[in-house]
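> Please see the structure below; I have some questions.
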Amino acid sequence: MGERRREMGAPFALRPSADDDWRRKLAQIADERERLAKALELAQNNREQAAALLGMSRTTLWRRMRQLNKA
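Just so you know, the sequence shown maps onto residues 1 to 71 in this note's numbering.
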């Protein structure tokens with residue numbers, strides 16, 4: 001019986017809940033938005049320079065901005 005418990009993982013009470021997963025995801029989205037906004041501010045809204053500050057291409061920056069506006 002002890003073997004079976006180990007196979008199943010942590011007890012139900014110790015497993016992260018779906019609410020915790022959503023909170024973590026929302027916090028990540030907020031952090032990413034903040035990072036993009038700060039980079040754009042530092043680059044005086046020049047997307048090419050902001051992308052360079054973030055270490056990504058201008059296209060990737062545009063794509064992330066579009067994705068985050070939907071979230």
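Quick reminder that beta carbons are idealized off the backbone N, C-alpha and C, glycines included.
1) Just to confirm, are LEU61 and LEU54 a CB contact at a threshold of 8 Å?
2) By Cβ distance, which residues of its chain are closer than 6 Å to ARG66, with the 5 residues on each side in sequence left out?
3) Label ALA39 either buried or exposed according to how many other C-beta atoms from any shown protein chain fall within 10 Å of its C-beta, with 16 as the threshold for buried.
4) SER57 and ALA50 - do their beta-carbons sit closer together than 8 Å?
5) Between ALA43 and THR59, what straight-line distance do the alpha-carbon atoms span, to the nearest angstrom?
A quick look at the data gives this:
1) Walking along the sequence shown from the start, residue 61 turns up at place 61. Walking along the sequence shown from the start, residue 54 turns up at place 54. Contact: yes.
2) Your numbering for residue 66 matches position 66 in the sequence shown. Within the same chain, ARG66 has no close Cβ partners at all.
3) Stepping through the sequence shown from its first residue, residue 39 is reached at position 39. Per the 10 Å Cβ criterion, buried.
4) Along the sequence shown, one-based indexing puts residue 50 at 50. Along the sequence shown, one-based indexing puts residue 57 at 57. At the C-beta level, ALA50 and SER57 stay beyond 8 Å of one another.
5) For the purposes of this step, residue 43 is taken as the residue at position 43 of the sequence shown. For the purposes of this step, residue 59 is taken as the residue at position 59 of the sequence shown. Taking the straight line joining both Cα atoms gives about 16 Å.
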